[in-house]
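Every number in this note's numbering is 44 more than the matching position in the sequence shown, counting from 1.
Note that beta-carbon positions come from the ideal geometry of N, C-alpha and C, so glycine has one too.
See structure below.
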Amino acid sequence: MHDSSSKKVLEVVAQRFPELTSIQSASFEPIFQGFSAVICSETGSGKTEAALLPLFTKLIENPQESIGKTKIIYITPLKALNREIEERIYWLAEKLGLSVGLRHGDTPPKVRSHLRHNPPNLLITTPESFQALISEEQSLSSLMKVDHIVIDEANELIQSKRGTQLILALARFKTYLARDIQVICLSATVKSGKMVRDFFIGEKGKVIYLESQRKYNISIDTINDYNEVDSLRDKITNHVQGKTIIFVNTRHLSESLAKTLEAEKDDFDVHHSSLSLAKRLEVEKNLKKDKLTAVVATSSLELGMDIGQLDKVIQVGSPRTVETLAQRMGRSGHKIGSISTGTIIAFNPFDLLECIACTYLLKCKWLEKPSVFMKPLDVLANQIVAHLLVKKTSTKGDLLKLFRSTYPYRELSENEFESVIDFLSHNKQIRASNGIISIGPKAKSYFYANLSTIISLQQYVVRDIVSRRNIGILDGAFVERFCDTNVKIVLGKAAWEIVSIDSGSKTINVRQTSPSNATIPTWSGDTLPVDSYVSQRVVDLLQAKREKIFRSVTLSEQAKQVLLSIPRIRLIHNSITIVPTDISNTTVIISPLGTKGNRALAILVEELLWESGITCRVYSSSMGVAVEGLKIRPENLYDILMSLNTSEVEEVIIKGSSRFGKFTDRFFSVARRFGVDVDSMIERYGARRTHLMLLSTVIAKEGLNEIFTDLLNLQGIKAILSTKRVYLSHDKEMKILAEIFLKSFLTPLAKPDENTDLSDIVKTRIQNKTYFSVCLSCFKYESLIKVRELQEGFKCPICGSRYIGFVAPYSTEIKQALRNLRNNVKPRDKEIEKVQNELVESANLFLDYGRLGIIVLSGYGVGPRTAKNILRLRILDERQLYMEILKAEQEYIRTREFWGG
Numbered sequence: 045m046h047d048s049s050s051k052k053v054l055e056v057v058a059q060r061f062p063e064l065t066s067i068q069s070a071s072f073e074p075i076f077q078g079f080s081a082v083i084c085s086e087t088g089s090g091k092t093e094a095a096l097l098p099l100f101t102k103l104i105e106n107p108q109e110s111i112g113k114t115k116i117i118y119i120t121p122l123k124a125l126n127r128e129i130e131e132r133i134y135w136l137a138e139k140l141g142l143s144v145g146l147r148h149g150d151t152p153p154k155v156r157s158h159l160r161h162n163p164p165n166l167l168i169t170t171p172e173s174f175q176a177l178i179s180e181e182q183s184l185s186s187l188m189k190v191d192h193i194v195i196d197e198a199n200e201l202i203q204s205k206r207g208t209q210l211i212l213a214l215a216r217f218k219t220y221l222a223r224d225i226q227v228i229c230l231s232a233t234v235k236s237g238k239m240v241r242d243f244f245i246g247e248k249g250k251v252i253y254l255e256s257q258r259k260y261n262i263s264i265d266t267i268n269d270y271n272e273v274d275s276l277r278d279k280i281t282n283h284v285q286g287k288t289i290i291f292v293n294t295r296h297l298s299e300s301l302a303k304t305l306e307a308e309k310d311d312f313d314v315h316h317s318s319l320s321l322a323k324r325l326e327v328e329k330n331l332k333k334d335k336l337t338a339v340v341a342t343s344s345l346e347l348g349m350d351i352g353q354l355d356k357v358i359q360v361g362s363p364r365t366v367e368t369l370a371q372r373m374g375r376s377g378h379k380i381g382s383i384s385t386g387t388i389i390a391f392n393p394f395d396l397l398e399c400i401a402c403t404y405l406l407k408c409k410w411l412e413k414p415s416v417f418m419k420p421l422d423v424l425a426n427q428i429v430a431h432l433l434v435k436k437t438s439t440k441g442d443l444l445k446l447f448r449s450t451y452p453y454r455e456l457s458e459n460e461f462e463s464v465i466d467f468l469s470h471n472k473q474i475r476a477s478n479g480i481i482s483i484g485p486k487a488k489s490y491f492y493a494n495l496s497t498i499i500s501l502q503q504y505v506v507r508d509i510v511s512r513r514n515i516g517i518l519d520g521a522f523v524e525r526f527c528d529t530n531v532k533i534v535l536g537k538a539a540w541e542i543v544s545i546d547s548g549s550k551t552i553n554v555r556q557t558s559p560s561n562a563t564i565p566t567w568s569g570d571t572l573p574v575d576s577y578v579s580q581r582v583v584d585l586l587q588a589k590r591e592k593i594f595r596s597v598t599l600s601e602q603a604k605q606v607l608l609s610i611p612r613i614r615l616i617h618n619s620i621t622i623v624p625t626d627i628s629n630t631t632v633i634i635s636p637l638g639t640k641g642n643r644a645l646a647i648l649v650e651e652l653l654w655e656s657g658i659t660c661r662v663y664s665s666s667m668g669v670a671v672e673g674l675k676i677r678p679e680n681l682y683d684i685l686m687s688l689n690t691s692e693v694e695e696v697i698i699k700g701s702s703r704f705g706k707f708t709d710r711f712f713s714v715a716r717r718f719g720v721d722v723d724s725m726i727e728r729y730g731a732r733r734t735h736l737m738l739l740s741t742v743i744a745k746e747g748l749n750e751i752f753t754d755l756l757n758l759q760g761i762k763a764i765l766s767t768k769r770v771y772l773s774h775d776k777e778m779k780i781l782a783e784i785f786l787k788s789f790l791t792p793l794a795k796p797d798e799n800t801d802l803s804d805i806v807k808t809r810i811q812n813k814t815y816f817s818v819c820l821s822c823f824k825y826e827s828l829i830k831v832r833e834l835q836e837g838f839k840c841p842i843c844g845s846r847y848i849g850f851v852a853p854y855s856t857e858i859k860q861a862l863r864n865l866r867n868n869v870k871p872r873d874k875e876i877e878k879v880q881n882e883l884v885e886s887a888n889l890f891l892d893y894g895r896l897g898i899i900v901l902s903g904y905g906v907g908p909r910t911a912k913n914i915l916r917l918r919i920l921d922e923r924q925l926y927m928e929i930l931k932a933e934q935e936y937i938r939t940r941e942f943w944g945g
């Protein structure tokens with residue numbers, strides 16, 4: 045820094061900061077000289093200022109060049125982060141006589157107009173708003189003087205389709221400017237620096253990194269019993285130290301803990317992405333001002349919100365990724381060189397092993413490699429149309445050259461490109477003739493409807509009728525299953541009674557109430573995948589001497605005792621071990637393939653058994669797969685896997701992944717990004733036929749690309765099967781390990797108030813359940829009916845028969861299943877077979893047990909066999925009946941829900 049401009053910047057910075065940080069000093073010269081670069085440094089090191097200080101210096105060197113012109117665009121993935129960054133940047137910009145503007149999806153039209161007519165020197169925006177800005181003629185004209193683009197959280201963006209969409213937008217923007225611009229990426233992880241550079245900048249860019257100086261003081265504890273909420277509450281209360289964030293992995297668990305801890309502490313709150321913006325900002329403000337001792341939070345508080353100095357971080361359950369552990373623990377001792385203090389509280393023995401593995405790898409400075417989407421065709425379709433909105437026409441050759449200039453599409457084939465062009469042309473988003481591509485009649489509506497690549501789920505806004513303020517959002521699936529008038533829910537630490545549900549506006553009106561009998565919501569898409577390398581380290585721990593583990597990480601006495609209770613076992617790395625268990629009809633496959641690898645293995649096993657005529661249920665976790673079925677023998681499973689040719693693995697998994705009901709929502713999301721009106725198609729053809737129709741288009745190729753990038757990993761399975769490292773073990777120690785594996789994956793449940801009768805909660809939920817009922821004798825009676833409306837002695841009003849089947853309503857397979865039953869046809873499709881079986885089994889249950897049979901069958905995950913077992917018990921009263929249903933539901937959750945496979 046060597047001239048009057050840099051001196052002025054330094055003087056301003058000194059008013060707020062005593063000196064530049066190491067990364068700020070290292071970044072200044074190369075960025076000032078105009079190099080595109082990636083700045084890699086840990087959270088709290090001042091990366092934002094590292095990028096902006098040299099850019100601001102350049103602006104004030106030539107003030108006439110900057111007047112009334114936007115020179116810098118700062119792109120950040122979160123609107124909430126925008127607000128925090130704005131506060132930090134405004135001060136510096138104002139002191140230097142520069143202007144700052146903010147533009148995102150919620151910016152009012154009046155403010156947008158002001159930004160167009162009065163361009164700020166620096167514009168803060170999101171990837172989606174950047175798309176809109178460079179695709180609108182007026183907005184684009186106000187950006188033609190931009191010289192620099194800063195991309196925050198670039199390491200996060202490259203791992204999603206948002207990042208892919210952004211790199212194509214940058215390529216388009218450079219084309220419109222007809223010149224190159226400086227791109228500066230900020231990354232919180234050193235490991236991803238080269239990948240971020242290659243992705244956003246290219247090989248000529250620089251990587252400026254500061255090796256982490258952070259020291260961690262992490263201890264690991266575990267609760268008294270498997271996933272027991274009282275023990276968890278006590279542990280958390282004991283570990284809170286000063287101002288603390290209690291990180292959890294799901295929004296459901298954050299609300300569960302908030303409700304559980306409420307009786308213990310008044311100076312705590314909850315923070316997650318499904319709460320309203322006003323609520324989140326209130327929590328952040330109170331935490332910063334030391335009005336709160338503790339906040340239960342999800343990843344919503346991982347990033348750079350300014351919440352003041354924290355004394356400690358508590359991570360509840362495995363952090364699942366080392367990067368997550370580093371981010372979360374780094375929130376305490378936020379300043380460079382300080383010690384980050386934290387405690388991890390494991391749920392169970394396998395969770396404990398994963399916590400130890402992550403902590404050890406963090407000490408070794410190992411981090412996960414980012415997973416990048418290559419050639420996503422739905423994003424390509426969107427950007428072809430976006431480019432034509434600006435250029436109006438283009439040749440196929442020019443388009444292909446433009447997109448191939450970017451990292452993700454450098455190997456895009458002409459056939460892949462043509463398939464997208466054909467699809468867009470067929471759907472009138474573009475016109476294609478003799479190699480010339482032009483804008484189509486549906487182009488504009490398609491582009492703006494698909495600005496965001498984030499998977500869209502149907503959601504309901506929860507609104508307080510008293511204050512008229514929004515409380516938060518709920519997933520449509522949860523609302524449809526559990527919500528009705530007078531039902532109580534917990535959201536934002538408070539309990540709310542539902543007054544009304546408006547399905548049209550997707551609004552739930554509520555009023556505050558007492559917490560008794562309140563249901564804690566669930567949300568989709570919370571759990572991070574565990575890397576296979578972490579799972580391999582769990583294998584190392586299983587084999588290691590326990591004393592060696594005690595020396596490598598800090599464990600509580602209780603954690604040590606739990607670790608000692610796990611048998612020391614010799615496992616071969618990168619292998620599959622099939623273990624029979626004493627748990628009825630259940631076989632465990634111990635396979636350290638990580639979440640994605642075992643998810644793929646579960647699909648492979650299920651599909652192979654299905655082809656062998658065996659119906660089963662499979663569940664996966666990061667360390668293995670459980671297979672449940674009456675006809676399954678471990679020896680047969682071993683033979684099937686050993687006889688499988690490696691070249692067949694991908695084909696079998698593609699077949700299983702493409703089945704209706706497996707990843708159907710993913711295929712539908714991809715279809716929507718291509719501009720398909722999926723909801724109208726479902727209404728017209730049904731979900732199954734819609735899914736089948738989409739499989740014959742380019743949508744299927746991209747759907748599988750997304751699934752194989754985001755959800756599945758085949759490499760580990762292929763490597764194991766190619767070397768035949770599949771083993772069958774009857775060893776006592778392996779059986780013990782397999783049963784610990786099964787028992788470990790219980791869902792942490794919230795404990796209701798002591799005055800709450802659990803049977804009342806179950807009864808209310810079941811009585812409100814709706815069925816499609818149909819007479820299987822005459823096939824003429826059909827009706828929707830709630831359980832509470834079902835009278836004892838109910839018969840078919842047409843033929844008088846009691847042989848009535850009950851299934852979930854709105855299933856697209858019902859009509860075909862009824863046709864098959866009426867004509868005595870055996871189904872070829874397993875989903876239709878499932879519906880037929882449900883109809884027949886429920887009809888038999890109703891015939892034998894009447895209304896009581898359907899009440900029991902209405903339990904979550906309660907099938908006909910379990911229902912009969914309950915009904916054969918000596919039930920003394922209604923309360924006992926509903927408590928038995930609850931026990932069955934908890935058993936179902938124990939073997940299924942927490943694994944999310």
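Margin query: I need the boundaries of the beta strand (DSSP E) containing HIS158, first residue and last residue.
Written below: Unbroken run through HIS158 is the alpha helix (DSSP H), 153–161; no beta strand (DSSP E).
Item checked: Nearest candidate by alpha-carbon position, reference THR87, set THR114, ASP196 and GLU181 -> ASP196
Notebook entry, point to check: Since ILE245 is in the beta strand (DSSP E), which residue starts that stretch and which ends it?
Noted result: Under the DSSP assignment, ILE245 falls outside any beta strand (DSSP E); it carries neither an H nor an E label.
Notebook entry, point to check: What separation, rounded to the nearest whole angstrom, lies between the Cα atoms of ASN282 and ALA603?
Noted result: Going by C-alpha positions, ASN282 is about 15 Å away from ALA603.
Notebook entry, point to check: Name the DSSP beta bridge partners of ALA341, please?
Noted result: PHE291 and HIS315
Next item on the list: Please determine if the stretch 437–451 and the stretch 495–515 are in contact, where contact requires at least 3 C-beta pairs separated by less than 8 Å.
Entry: no
Checklist line | Residue of ALA390, VAL327 and SER596 minimising C-alpha distance to ASN293 | finding: The shortest CA-to-CA distance from ASN293 to any of ALA390, VAL327 and SER596 is the one to ALA390.
Notebook entry, point to check: Are the CB atoms of ILE290 and ILE193 nearer to each other than 8 Å?
Noted result: no
Note to self: Nearest by alpha-carbon distance to LYS115: which of GLU750, ARG156, ASN162 and VAL155 is it?
What the structure shows: ASN162
Margin query: Restricting to Cα atoms, I'd like to know which of ILE676, ARG643, LEU637 and GLY641 is closest to SER656.
Written below: The shortest Cα separation from SER656 among ILE676, ARG643, LEU637 and GLY641 belongs to ILE676.
Item checked: Given 8 Å, three or more beta-carbon pairs between the stretch 554–571 and the stretch 608–626 -> no
Notebook entry, point to check: Straight-line CA distance for LYS795 to LEU915?
Noted result: Note that LYS795 scores 46 on pLDDT, short of 50, meaning its location in the model is unreliable and no value can be drawn from it.
Next item on the list: Look at the alpha carbon of LEU862 and the alpha carbon of ASP892, and state the distance between them as a whole number of angstroms.
Entry: Roughly 21 Å between the two C-alpha positions.
Notebook entry, point to check: With respect to 7 Å, is the separation between the Cβ of SER902 and the closest non-hydrogen atom of the ligand GTP below this value?
Noted result: Ligands in the displayed structure: none, and consequently the ligand GTP is not present.
Item checked: Residue range of the unbroken beta strand (DSSP E) whose run includes TRP540 -> 538–546
Checklist line | C-alpha distance - ARG375 paired with THR403, whole-angstrom precision | finding: 16 Å
Item checked: Endpoints, the alpha helix (DSSP H) within which TYR220 is located -> 205–221
Checklist line | Per-residue DSSP class, three states only, for SER182 | finding: Note that residue 182 corresponds to Gln in the displayed sequence, not to Ser. Of the three classes helix, strand and coil, the one that applies to GLN182 here is helix, per DSSP.
Margin query: Going by the DSSP bridge assignment, what does LYS532 pair with across the sheet?
Written below: GLU541
Next item on the list: Taking GLU367 as the reference, give the member of ASP723, PRO573 and GLY673 with the closest Cα.
Entry: PRO573
Check: Quick one: any contact between the stretch 710–723 and the stretch 734–747, if contact means 3 or more CB pairs under 8 Å?
Finding: yes
Checklist line | Where PHE79 sits in the DSSP three-state scheme | finding: When DSSP states are grouped into helix, strand and coil, PHE79 belongs to the coil group.
Checklist line | Sequence-distant residues of its chain with Cβ nearer than 8 Å to LYS699 (five each side left out) | finding: GLU651
Check: Can you tell me the Cα-Cα spacing of SER50 and THR101, whole angstroms?
Finding: Roughly 6 Å separates the two Cα atoms.
Checklist line | Beta-carbon proximity list for ALA311, same chain, < 6 Å, skipping 5 on both sides | finding: For the sequence presented, residue 311 should be read as Asp rather than Ala. Here ASP311 has LEU336 and THR337 as same chain residues with Cβ atoms under 6 Å from its own Cβ, once five neighbours each way along the sequence are excluded.
Check: Are the beta-carbon atoms belonging to LYS235 and LEU411 less than 8 Å from one another?
Finding: Yes, they are a contact pair.
Notebook entry, point to check: Is the Cβ-Cβ distance between ASN761 and VAL770 less than 8 Å?
Noted result: Sequence inspection shows Ile at residue 761; the Asn mentioned does not correspond to that position. In this structure, VAL770 does not lie closer than 8 Å to ILE761 by Cβ.
Notebook entry, point to check: Apart from the five residues on each side of it in sequence, which residues of its chain come closer than 6 Å, Cβ to Cβ, to PHE522?
Noted result: PRO565 and THR566
Next item on the list: Use the C-beta contact count for TYR926: other C-beta atoms within 10 angstroms, 16 or more gives buried, fewer gives exposed.
Entry: By the 10 Å Cβ count, TYR926 comes out buried.
Notebook entry, point to check: Is the distance from the Cβ of THR497 to the Cβ of ARG206 below 8 Å?
Noted result: yes
Margin query: Please report the distance separating the alpha-carbon of SER173 from that of VAL714.
Written below: 21 Å
Next item on the list: Pull up the DSSP beta-bridge partners for LEU518, would you.
Entry: TYR504
Margin query: How far does the alpha helix (DSSP H) with GLY760 in it extend, from its first residue to its last?
Written below: 759–766
Checklist line | Among ARG241, ILE480 and LYS486, nearest to ASN426 - alpha-carbon criterion | finding: LYS486
Margin query: By the three-class DSSP mapping on this structure, what secondary structure does GLY944 have?
Written below: Interpretation of GLY944 is limited by its pLDDT of 33, a score under 50 that renders its predicted location unreliable; no figure is taken from the coordinates.
Next item on the list: Find out if the Cβ-Cβ distance for the pair ARG555, GLN587 is shorter than 8 Å.
Entry: no
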